[in-house]
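There are 2 protein chains.
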Amino acid sequence: MPISGFPEWLPSQRIVEQYVLDKIRSTFELYGFASLETRAVEPLETLLSKGETSKEVYLLRRLQEDAGSSREDQLGLHFDLTVPFARFVTENHGKLQFPFRRYQIQKVWRGERPQEGRYREFLQADIDVVNRDTLPFHFDTEMPLVIGDVFRSLPIPQAVILVNNRKVCEGFYRGLGLDDTAQVLRTVDKLDKIGPDKVAALLVETAGATDAQAQACLRLAAISTSDASFVDAVKALGVSDPLLDEGLGELAQVVEAANEHAPGLIRAELKIARGLDYYTGTVYETQLLGYERFGSICSGGRYENLASVGNTRFPGVGISIGVSRLLGLLFGQGALGASRSVPTCVVVALPSEDQRATCDRIAAALRQRGIPTEVAPTAAKFGKQIQFADRRGIPYVWFPGSPDTVKDIRSGEQVEADPATWTPPAADLHPVVTGS
Amino acid sequence: MPISGFPEWLPSQRIVEQYVLDKIRSTFELYGFASLETRAVEPLETLLSKGETSKEVYLLRRLQEDAGSSREDQLGLHFDLTVPFARFVTENHGKLQFPFRRYQIQKVWRGERPQEGRYREFLQADIDVVNRDTLPFHFDTEMPLVIGDVFRSLPIPQAVILVNNRKVCEGFYRGLGLDDTAQVLRTVDKLDKIGPDKVAALLVETAGATDAQAQACLRLAAISTSDASFVDAVKALGVSDPLLDEGLGELAQVVEAANEHAPGLIRAELKIARGLDYYTGTVYETQLLGYERFGSICSGGRYENLASVGNTRFPGVGISIGVSRLLGLLFGQGALGASRSVPTCVVVALPSEDQRATCDRIAAALRQRGIPTEVAPTAAKFGKQIQFADRRGIPYVWFPGSPDTVKDIRSGEQVEADPATWTPPAADLHPVVTGS
């Protein structure tokens, strides 16, 4: 039986998923990110070291295990790819070259209550750059360019990356005279859920804000521009603070680099905060046009304190594509599909079982030249064998003879062909993935 | 800290792993196998339904879970890809086209004590063909061809597929007058571990064999031929049984098809049995020449009773490559490596930080044409920037100028180049993976 929160794709959906993963991977590699896979499990203490996530962890135990295992020995499944990456860096820093650019495409697990678009097992595709001691800011500007290239390579609705910088928020709150900036940030982060009036009330109640301060926070959060004009909009609010200025400068760099690379890709959105996460500067979220209500499908940011070994810090910046989430949304809307459910391009028809060796040789010749080929499973009537191909969306059926012929079963066109030389049109060689 | 039994590869090893997985996948797809991924977890009762594996299962529980969860609700990590595949087929048989050819490349987990070449988390690459009601025998002959093509595409020692057929063994034992054929099979399966004398003694003790019957079983197990001459060798033992004849006929077909496809690929090895597994006919194991002592790196067989729904049976045949096991062995011997630790082909040198935008444009132009490119992280001295490339095995450094030049840092050769047209030799575009 299906298990709630553990999605499984049917073969044609899996073809779409592989296509998407191939595009993600090749874009990541064009930018020089090296692949990494970490084990699925981490010690519980590693998983809990960032706090806030304890309720989500799946712990492991062996069926035959003794009862008295201590907490230190406990292993749990990773719930993201950042915590394992940080652990991997601290464990292997002597063997890595820094700055270390890695991508990681793996399943993660969270023991949450499933709801629409939320899974307990899902696939993430992360990139991060990590360095020893300090990490130049230009890497923050690079993340949206990579993600922009990924999304433009896919047959999906347009993606808009929303970007903010914690320094802008914290500097602004501090400049306003609010000291508990973390509490302000967490509260403003609820804007989309509870609305401005409740946020204002909460700011007064829990963050020691006056009504005027609360309104100023809301005015900051309302700023949203597709270019660097947010800088003037913030300055017009009349708050000044060195951290605010630093944040505005950084955020402007990110927005301007993205606008040069791909107009329309980015938007400075000063309400996003990624409340509970450990970001210290730039933060990213991503909306799909037409799917805004489903929330972010690609998020990340800068963390100055990703990892440390003794006195050495390893700051990083990264972003993570929610692959299962993205596919689940688009499959759910019928907005993404493949032209066939198998990789096969040609079925070699089998006139009779005693000609199987001949048909196998034809198939071998086609495969030798990179053409995915199957031989019909049985010597059924040719009508049945064509149906076998048609049901799977396979475009060609090959008929052995003197000479051999190959039939495009979509058009009905049938031509003489030699397995040593015949080549299908490039568009037919592999399944085609299309959006709607 | 590393966790025993949970291997992790460093970036250059991961490049090798991805290369190997790409080759496996493309060969599987050339034969028309469709990709499938199943969830990592199954209900405990599904995992235990085949028996014999209970000690290996990792169970999950949520950190905050109530104590009183009943056994029916328990989820465990899959320990192979066959049990989940069987479950997927029964769950989705109405949505699948049969015969269903699928491949599945995923991690599996076993809570065993780790030992050399054995892992608790490891990657398997499986192909299976499953059909409704009956599955033609020719699929048994196809498995070694696919695996032979996979192994020939990889820079690894030669692989030899060892093949047997349970019907040969069971028919032979029955023809000899031994009724507990399962017990005989399990005992003969210990031959490599305990030697012929102990096997003979055990056959007498536990399977009711006479000394003469025990010796006949050993003579059968000693037969090993690279062609179909095993048929005569078995017949010379003077045992006759209809099941034996059926098995010999099937086994001869497998051996002959493999010999036509790839001489030297296969060997009929009548001692292999895959003792505890649920195979009913053909069984496969695979040895790497020079690595025989490490055991099989690719195994499988025919199972008439893979799955059933009501009165409908789904027989199958399949084989599984132990990817982590194979890589672990070869990495351990230093017998497999990559020419660089990153996908990057070109580093664009950065003369000064204010020229970063220019360098980014050069990188974008190269990436546009499929050339993996990074811009240097800082405007260090050029010697340092060349060292940055050299340490990662990146072959080219690009120097912006009028005109631009590109340097092959292996040969020192430096030539004028235009980012809109320059192309590296094909062999340099991606890391090269080589055996030793």
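Line by line, the protein sequences are chains E and U. The UniProt record's numbering puts the first sequence at residues 1 to 436. The UniProt record's numbering puts the second sequence at residues 1 to 436. Just so it is clear, CB atoms sit at the ideal spot from N, CA and C, and this is done for glycine as well. Computed from a predicted structure; not experimentally measured.
Going by alpha carbons, who is nearest to residue i out of the options?
i        : options                                : result
U/Val16  : U/Ala40, U/Ser308, U/Pro343, U/Ile194  : U/Pro343
U/Gln215 : U/Val199, U/Ala228, U/Leu77, U/Thr225  : U/Val199
U/Pro315 : U/Asn131, U/Arg61, U/Met143            : U/Asn131
E/Gln18  : U/Gln18, U/Ser35, U/Arg14              : U/Ser35
E/Asp404 : E/Pro395, E/Arg410, E/Ala349           : E/Ala349
U/Val433 : U/Ser4, U/Ser12, U/Glu8, U/Ile3        : U/Ser12
U/Glu170 : U/Leu248, U/Ala86, U/Asp192            : U/Leu248
U/Arg302 : U/Phe137, U/Leu178, U/Pro425, U/Thr206 : U/Phe137
U/Ser224 : U/Ile319, U/Ile194, U/Leu270           : U/Leu270
U/Lys190 : U/Leu178, U/Cys217, U/Gly5             : U/Cys217
E/Leu96  : U/Asp140, U/Trp9, U/Glu42, U/Asp133    : U/Trp9
E/Glu91  : E/Phe139, E/Glu42, E/Arg61             : E/Glu42
U/Gly393 : U/Cys345, U/Arg356, U/Pro400           : U/Cys345
E/Gly281 : E/Lys23, E/Arg166, E/Thr82, E/Asp428   : E/Arg166
U/Gln158 : U/Ala335, U/Ala364, U/Lys384, U/Phe382 : U/Ala335
E/Leu81  : E/Ala357, E/Gln124, E/Ser226, E/Leu44  : E/Gln124
E/Thr27  : U/Gly370, U/Gln385, U/Lys381, U/Ala389 : U/Gly370
What residue range is occupied by the uninterrupted alpha helix (DSSP H) comprising residue i?
i        : result
U/Asp227 : Unbroken run through U/Asp227: none, as it is neither H nor E.
U/Thr82  : 82–92
U/Thr181 : 181–188
E/Thr141 : 138–152
E/Tyr173 : 166–176
U/Lys107 : Here U/Lys107 belongs to no alpha helix (DSSP H); instead the beta strand (DSSP E) covers 100–109.
E/Thr358 : 356–368
E/Leu218 : 211–221
Pick helix, strand or coil for residue i, following the three-state DSSP scheme.
i        : result
E/Ser324 : helix
U/Thr46  : helix
E/Asn259 : helix
U/Pro315 : strand
E/Ile194 : helix
U/Ala268 : strand
U/Gln18  : helix
U/Ser282 : Residue 282 of chain U is actually Thr in this sequence, not Ser. Strand, per DSSP.
U/Ala427 : helix
U/Ala34  : strand
E/Arg25  : helix
Report the rounded CA-to-CA distance for residue i versus residue j, giving the unit in angstroms.
i        : j        : result
U/Gly322 : U/Tyr58  : 20 Å
U/Val415 : U/Met1   : 47 Å
U/Tyr396 : E/Leu329 : 42 Å
E/Thr378 : U/Phe88  : 25 Å
E/Leu154 : E/Arg325 : 15 Å
U/Ala201 : U/Ser299 : 28 Å
U/Val234 : U/Gln213 : 14 Å
U/Val204 : E/Leu327 : 60 Å
E/Pro419 : U/Gln104 : 29 Å
U/Val254 : U/Ala228 : 9 Å
U/Glu256 : U/Pro263 : 10 Å
E/Glu121 : U/Val160 : 38 Å
U/Asn305 : U/Tyr119 : 28 Å
U/Gln183 : U/Thr206 : 8 Å
U/Leu288 : U/Ile147 : 13 Å
E/Asp149 : U/Thr423 : 21 Å
U/Thr60  : E/Arg113 : Per the sequence shown, residue 60 of chain U should be read as Leu rather than Thr. Roughly 15 Å separates the two Cα atoms.
U/Gly5   : E/Gln333 : 42 Å
U/Arg293 : U/Val188 : 18 Å
U/Glu56  : U/Gly318 : 22 Å
Could you please give me the residues that DSSP links to residue i through a beta bridge?
i        : result
E/Val346 : E/Thr373, E/Tyr396
E/Arg434 : Before going on, a small fix: residue 434 of chain E reads as Thr here, not Arg. E/Gly337.
U/Ser240 : For U/Ser240, which the question treats as bridged, DSSP gives no partner whatsoever.
U/Lys407 : U/Val397, U/Gln414
E/Val160 : E/Gln287
E/Val41  : E/Leu77
U/Gln115 : U/Arg118
Along the beta strand (DSSP E) that carries residue i, what are the first and last residues, could you check?
i        : result
U/Val57  : Counting along the chain, U/Val57 falls outside any beta strand (DSSP E), and DSSP gives it neither H nor E.
U/Gln124 : 121–130
U/Ser308 : 298–309
U/Leu75  : 75–77
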